[in-house]
Amino acid sequence: MPKATQEQTYEQTLTSTLIFNVIFAAVVIFIFPALRAILPGVFAPQRHMYRKPTTRSYYLFWFLDVFKQPISVYSTRGNLTTIYIVFQYLILTLYAIMALISVTILIPVYYYGTDTSWNENYLTKWSLLSMAHLEKDSIMLLIPISIIGVFTYFAMFFYEQFTIIYAFFRQRCMKRVIPENYVVLLQNLPADIDTKEKLENVLRHINTGINFIVPIPKQSKKLSKHLEILKKLLQQLKLGQQMMEDFKANEAYRAAILGTLPSTQVVARRIAKQKADKMRLKENRELKKVENVMVKIREQYQHIIKIQVQDNIEIDHLYSVNSIPPNLPEIVIPAFDQLKDFSQTRPETRYPSSKYLRNIQKYHLQYSQQDYQTQAAELDCHPIGRAVFLVCQSQTIAAEKYTTLIAQNSQHPAAMLAPNSKEIVWQNVAKGHRSRKWSYFQYVCWLIVLFIAYLFGQAQLNKQLIYQQQVLYKYFFNRLNFAQCTFGLVQQIISCKFVDNLARFLPTMINSFINAILMALLPQFLKLITRLLKYPSISQANDKLFNLNFMYLIFIVGIIQVAIPNLVNASTGEVNFTFFEEFSVVVLFQNLGKNIINLQFTFITYIISNYFTFPAFSLLNIYYLLSATVYKLGLTNYLDYNVKLRFITFNFPKQLAYISHMLVIGYIFAIVSPITNIIIFATYLMMVTIDRYMILNVRIPDVSADLSAQSNMLVNVIGAIFIGLLFMIFSTCCYFFVQSTLIGYIGIAMCFICLIYALSKKIAIDKSFKRALTELIRGDYDDTIGVKLNPAHIDSIFNDEDNYLSRYDLNNEHQRHQLASEYKLVSRIPSRFKSTSIQVLESDPDDFKQKEVQEQIKIIKGKAKQRIWDKLLAKMYIDLTQLPISVIRYDDVQDGEGERVCRLLSPEHIQTVEFDTNMNRVEQIAFLTNESNIFQVVKEQPQYDFNKSGKKNAMPRNNSFKKPKCNSLSLIMCPDGNAPKLNIDDLRNIAAQYTHPSLQMAIHGEKIINQ
């Protein structure tokens, strides 16, 4: 079947495809509450996590509840989730505008705008909804030409707004008082800087403020190997001990049963005794396994200590930390304890003593038969690897260090803020520049191989499907022919029309299903190839994985089919390399101009079959079920089975790549085939609904979702959408180029104007905010006034300028009392909060003078009014300029593999923490109060306790600062916008986190070895 006929088949089956996929998605959505009630562990395993309370109707109308949850709930799943939700709001609003313009302007113009003399035969009425239905020289073409400018303006408007919001939010994340914001990572150290002493000499002019230098060990590869083995052994030990406890409980249970049986029941007593003996035998066997594991663990510890002594690695800072792996600095722990106190669940650990260190030296001496202690004493230097961590006193100092040019070649060494210690890939951190070059060469080769194999394999499958399409059509028609219809004739009977349409649709569905499977497998192959780049952090690997997924999808399902369709022969499935001999720019323009119309139904069917239906499949959690099946077959220990299933996270790179690909395809056909805008809006709404449910109820918070300094995935996504805008301009320009009429030349001119506007606008935006996306702002100027899409935007009462000050409502009772106590600022509260504020004031009239309260109510009701545009946006948006931030922690600090918990930080009130009274920098600590937007020094602030009625009771001062008894927290800041300087104990704690984990575990191994 030729290619034109394939496009006609997609057009003829478009209605059937649309109806089938909508029915399938609706069925899945409405039966899902029953599935969730039957198997909550599969379809809602994270239902216990923090969320806004809901009614019972939530279980039935869960797809509405995900939109009612405030952003603060999504913030407890990570900062990347927070900004992802904002991105969803922006794209939904953008495509809602585009869909509205398509329904009210473009589609009516295309359908009714043609003259009566312009008459062609069309297979279906879908063709009447495209630009091809207008005459080449029709005056009505001026309307879609003007819409090009409208779409370009809105796209660049949302590009600018998201960039401003993202930069603002990223700065808030970079100002968090967390270890990674105090640490600088230097990579690709020159080969001649191979000792710590040489590195200190290189950094001697910029060493002010650097308290610890934590180098990567020279034998990091061996240490990482021992670390992986040690983790597996410790997991086996933990599971073995749990199994022993289980066997002991069973044995005690059987013994209790045996004691209750009378002596006359001989058979029953014999059976009970046999079962008790069986449990005792299993316990003894498990004990032997545990002892063998202990021996192997001791050997691994000895290997690690041996390397530590050989290379003279300094680990003194590990001896005085509070826990191994280290916790957050003690000075800032109180500011992170909103949901739960970690100290209550942190297990007590024993710390190494001098006696233990002497014993461990004896252990490794006996193991290696060499006097490594003597060798270490003879060393006058400390060998290091190709990377090092610099622990700085404050964020300001860290920001200065990683933006300072250390050498002429900025890549030797390359400086950056350190990633979260939990997302570091330790075997990759110490890679040298030459090793990375070789890895990059392998990476490029495998990318080329995968591209050719994927393209050729997909072409071969499509060839077979095209050959069999007519056969399958006839087969399904005969199987479904219950009304004695005749094959090959135009069907007049309704039942025969139904059979004919269904028989045409099923082969198309098979083709789409196979392509969807290939698309689902592509990220798995790319993930394996990305590992060749040896990125030091998971966030960097995820960013690259997103870029690869998007580029492969847009080239294979997009550019090649539209721009160079002759590259792959659809009939033979072969790649036609001779096509490049006659390829030129004119041929490219002609292909785009023709295929933008000829392939519209192919891509519409692709969007519906893949991106509309696949979210429904993901809602069924098929990946979890497949993983559970594989683990069930491969794992004999049910405890290990539960651990494996616990860490399934939301796949941001894959999902964002799919979204970007869909939006780019939508932009290509946005003007020529506006029905695409409506389909993409409905499809993206479906994807948003399912994604939010999966984030809230199914997937656990991922450590890479903390939005560390290395993560710029959302910036790449918005850049991909800009690429889609360029494709829209270019493809529409090519369509007018093929027409070669006066109206067409006007369209080409309009496209060039929009292209120049879009490029100049993007260059200006990127130039303005490029540094803000990667560097910490050290000034105190808040330039969020550029945000135009904030529904909290109201007219100021005190002046004619616009007031952009706003607050975020966490539904906190204490905040309502705080609003009442700060009634002088009530008039500056956004109007969407005025009803709550008035209610608070009216409910507590005794707290203030009655006259002043009534005056404030009158001001609020009379002057604080929202604009119509803000009222519309307020239905979707929630205070974009004050997005809540969070931090991801681990509950189980023993082995670092405990439950990941995301703690929400809120800048709503002044919050104090207890400091060391001997600390000489207390006066530099300050907290951001959101009520007045003024930085206030904690040392100068009176301390208050809030009673139940919301009144402030003064608290007496003492030698330490007391924390107010309220539930919300504050973002720790300084008057210059920087976090506090930490004392030496906190810096030592941070340095311990960035020490190779094998050394941490070796110090932590005293308890196990002594057993």
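So for the sequence shown, the UniProt record's numbering puts the first residue at 1; every next one is plus one. Cβ atoms here follow ideal geometry from the backbone N, Cα and C, with glycine treated the same way.
#1: Return yes when the Cβ of L230 is within less than 9 Å of the Cβ of Y319, no when it is not.
#2: Short check: CB of V86 to CB of I97, under 9 Å?
#3: Assign D802 to one of two classes, buried (16 or more other C-beta atoms within 10 Å of its C-beta) or exposed (fewer than that).
#4: Taking buried to mean at least 16 other C-beta atoms within 10 Å of its own C-beta, is Y745 buried or exposed?
#5: Taking the alpha carbon of Y693 as the reference point, which residue from E11, N21 and R77 has its own alpha carbon closest?
#6: Using the three-state DSSP reduction, which class does I597 fall into: helix, strand or coil?
#7: Which residues in the same chain have their Cβ closer than 6 Å to the Cβ of S512, if we skip the five residues on either side of it in sequence?
#8: How many angstroms separate the CA atom of A772 from the CA atom of I315?
#9: So, at 8 Å on beta carbons, what are the nonlocal neighbours of S263 in its own chain, with the 5 sequence-adjacent residues on each side left out?
#10: From S495 to S708, what distance separates their C-alpha atoms?
#11: Are I406 and I210 touching if we call contact CB-CB under 9 Å?
#12: Report the three-state DSSP secondary structure of N547 (helix, strand or coil).
#13: Does the region 202–222 come within contact of the region 383–395, defined as at least 3 CB pairs closer than 8 Å?
#14: Since L64 sits in a beta bridge, which residues does DSSP pair it with?
#15: Would you mind giving the Cβ-Cβ distance between I675 and I148, rounded to the nearest angstrom? I have them listed as a contact below 8 Å.
#16: Quick check: the Cα distance between R170 and Q161, rounded to an integer number of angstroms?
#17: I'd like the ranges of any alpha helix (DSSP H) spanning at least 4 consecutive residues and lying wholly in the region 179–208.
#18: Roughly how many angstroms separate the alpha carbons of L619 and L281, rounded to a whole number?
#19: Could you spell out where the beta strand (DSSP E) holding V391 opens and where it closes?
#20: By the three-class DSSP mapping on this structure, what secondary structure does S932 have?
#21: Identify whether I888 lies in helix, strand or coil by the three-state DSSP scheme.
#22: If I measure Cβ to Cβ from I765 and keep anything under 6 Å in the same chain, skipping five residues before and after, which residues do I get?
#23: Tell me the rounded alpha-carbon separation between N201 and L234.
#24: Quick one: what's got a C-beta closer than 7 Å to M686's C-beta in the same chain, skipping five residues either side?
#25: Measuring alpha carbon to alpha carbon, tell me which residue in I216, V309, L999 and M243 is nearest E286.
#26: Are the beta-carbon atoms belonging to A418 and V587 less than 9 Å from one another?
#27: To which residues does DSSP link F681 through a beta bridge?
#28: With a cut-off of 8 Å, do at least 3 Cβ pairs link the region 550–562 to the region 517–534?
#29: Note down, in chain order, each residue of its chain lying with its Cβ closer than 6 Å to the Cβ of R36, except the 5 sequence neighbours on either side.
#30: Taking the Cβ atom as the reference point for each residue, do T81 and A720 lie within a distance shorter than 9 Å?
#31: How would you write the range of the beta strand (DSSP E) that P215 sits in, first residue to last?
#32: Report yes if the CB atom of residue 1012 is closer than 9 Å to the CB atom of L999, and no otherwise.
#33: With distances taken between CB atoms, is the gap from K654 to N515 smaller than 9 Å?
#34: Taking Cβ to Cβ, would you say S138 is nearer than 9 Å to L502?
#35: Nearest by alpha-carbon distance to L592: which of A459, K196, I729 and L528 is it?
#36: Are L987 and F30 touching if we call contact CB-CB under 9 Å?
Let's see:
#1: No, they are not a contact pair.
#2: No.
#3: Below a pLDDT of 50, predicted positions are generally treated as unreliable, and D802, at 31, falls in that range; the measurement from the model is reported next regardless. The residue in question, D802, is exposed, as its Cβ has fewer than 16 Cβ neighbours within 10 Å.
#4: The residue is exposed, with fewer than 16 neighbouring Cβ atoms inside 10 Å.
#5: Of E11, N21 and R77, the residue nearest in Cα terms is R77.
#6: DSSP places I597 in helix when its eight states are reduced to three.
#7: Once the five neighbours on either side are set aside, the close Cβ partners of S512 are S609.
#8: Going by the C-alpha atoms only, they are around 36 Å apart.
#9: Hits under 8 Å: R269.
#10: If I take the Cα positions, the gap works out to 59 Å.
#11: Against a cut-off of 9 Å, the Cβ pair of I210 and I406 comes out as no contact.
#12: Correct three-state label for N547: helix.
#13: The region 202–222 vs the region 383–395: in contact.
#14: DSSP lists no partner for L64.
#15: Contact between I675 and I148 is absent: CB atoms are separated by about 17 Å, not below the 8 Å threshold.
#16: For R170 and Q161, the gap between their C-alpha atoms comes out near 14 Å.
#17: You should have 196–202.
#18: When the Cα atoms are used, L619 and L281 turn out to be separated by approximately 45 Å.
#19: Counting along the chain, the beta strand (DSSP E) containing V391 begins and ends at V388 to C392.
#20: Annotation note: pLDDT 27 at S932 (below 50); position unreliable, no value reported.
#21: Under the three-state reduction of DSSP, I888 is assigned to strand.
#22: For I765, where only same-chain residues beyond five positions count, the Cβ hits under 6 Å are E160 and T163.
#23: When rounded, the distance between both Cα atoms is 40 Å.
#24: The answer, listed in chain order, is A25, F612 and P615.
#25: For the residues I216, V309, L999 and M243, the minimum Cα distance to E286 belongs to M243.
#26: With a cutoff of 9 Å on beta-carbon distance, A418 and V587 are scored as not near each other.
#27: Residue pairing from DSSP leaves F681 without any beta-bridge partner.
#28: Contact holds: three or more Cβ-Cβ distances are below 8 Å.
#29: So the list reads F43 and A44, once near-sequence residues are dropped.
#30: Their beta carbons are not under 9 Å apart, which means T81 does not touch A720 by this criterion.
#31: Element bounds for P215: I210 to P215.
#32: Absent from the model: residue 1012. The displayed extent of the chain is 1 to 1011, so no value can be given.
#33: Taking C-beta atoms as the reference points, K654 and N515 fail to come closer than 9 Å.
#34: Result no, Cβ atoms of S138 and L502 do not sit closer than 9 Å.
#35: If we check each option's Cα against that of L592, I729 comes out closest.
#36: With contacts defined by Cβ atoms closer than 9 Å, L987 and F30 do not form a contacting pair.
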